[in-house]
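The sequence shown begins at 25 in this note's numbering and counts up one residue at a time. The C-beta atom is built at its ideal place from N, Cα and C for all residues, glycine as well. Structure first, then comments.
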Amino acid sequence: SNKRCRRCDALDETIAHGFCLCNFSSKFWLARHNAVASFIATRLRRDIDCEVTIDTESVFTTSRLRPDLQVKIPSKSSIFLIDIKCSYEKEDNIDRVNEANLFHYSDLIKSIQAAWSGWKVSCHTIVVGIPGAWPKLSTDALEKLGLNDKQIKFIAKHCIKSNIKWCSAQWQYHKNGIAPDTESLKS
Numbered sequence: 025s026n027k028r029c030r031r032c033d034a035l036d037e038t039i040a041h042g043f044c045l046c047n048f049s050s051k052f053w054l055a056r057h058n059a060v061a062s063f064i065a066t067r068l069r070r071d072i073d074c075e076v077t078i079d080t081e082s083v084f085t086t087s088r089l090r091p092d093l094q095v096k097i098p099s100k101s102s103i104f105l106i107d108i109k110c111s112y113e114k115e116d117n118i119d120r121v122n123e124a125n126l127f128h129y130s131d132l133i134k135s136i137q138a139a140w141s142g143w144k145v146s147c148h149t150i151v152v153g154i155p156g157a158w159p160k161l162s163t164d165a166l167e168k169l170g171l172n173d174k175q176i177k178f179i180a181k182h183c184i185k186s187n188i189k190w191c192s193a194q195w196q197y198h199k200n201g202i203a204p205d206t207e208s209l210k211s
């Protein structure tokens, strides 16, 4: 149908619009994303011997780019830049999202490689799709960090569950305008 959005009247009110485009419920975008990023960072610190920084300018160079996670694994002489997407991505668009991230961070990768001679530097994308997709791309990124299947499945299950919980609250807010208790969503 061509029903205009009940909140912004700018676009057709599709699920993708409600979750990812409508400014009325935009405060949920970052909260949903940060809940996933924080959980993944916590699990990485717990499951592998690494240093993780969240959403900061590069700790390896003077670049002002801010990957969602910067993971340093000294035992592998490796630095991983992780970009997390909690978005309404169709399967055929996920590769394009990853290619865009690789392009976006390509200068930062080169800069880190120059500053950290001998270290391997790579960029990976983790997509937690709406309303609950976990593409192979996300599994591949976590495998490259050194996580095993059991650890990856645990992270995927939690991230999907968290994303669905946040999306449900966001959709209710979009529909009726009543803000949920966001503290209860953080667990």
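Alpha carbon of residue i to alpha carbon of residue j, nearest angstrom
i              : j            : result
serine 50      : serine 192   : 14 angstroms
lysine 199     : glutamate 37 : 10 angstroms
glycine 142    : serine 101   : 7 angstroms
aspartate 205  : lysine 189   : 12 angstroms
asparagine 172 : alanine 203  : 38 angstroms
tryptophan 158 : leucine 93   : 18 angstroms
Where the alpha helix (DSSP H) containing residue i begins and where it ends
i             : result
isoleucine 64 : 51-71
Exposure of residue i, with buried meaning 16 or more beta-carbon neighbours within 10 Å
i              : result
arginine 56    : buried
proline 91     : buried
proline 98     : exposed
alanine 34     : exposed
asparagine 122 : buried
alanine 165    : buried
lysine 174     : exposed
C-beta atoms of residue i and residue j nearer than 8 angstroms
i              : j                : result
arginine 5     : cysteine 46      : Missing from the structure shown is residue 5; the chain here goes from 25 to 211 and no further.
isoleucine 184 : isoleucine 64    : no
serine 186     : alanine 59       : yes
isoleucine 154 : phenylalanine 43 : yes
serine 208     : alanine 180      : no
Integer Cβ distance of residue i from residue j, believed to fall under 8 angstroms
i          : j              : result
valine 145 : isoleucine 103 : 5 angstroms
N-terminal and C-terminal residue of the beta strand (DSSP E) that residue i is part of
i             : result
lysine 144    : 144-151
threonine 206 : Per DSSP, threonine 206 belongs to no beta strand (DSSP E); it is in the alpha helix (DSSP H), 206-209.
Closer than 7 angstroms: residue i CB and nearest the ligand SAH heavy atom
i           : result
proline 159 : Although the ligand SAH was asked about, the structure shown includes no ligands whatsoever.
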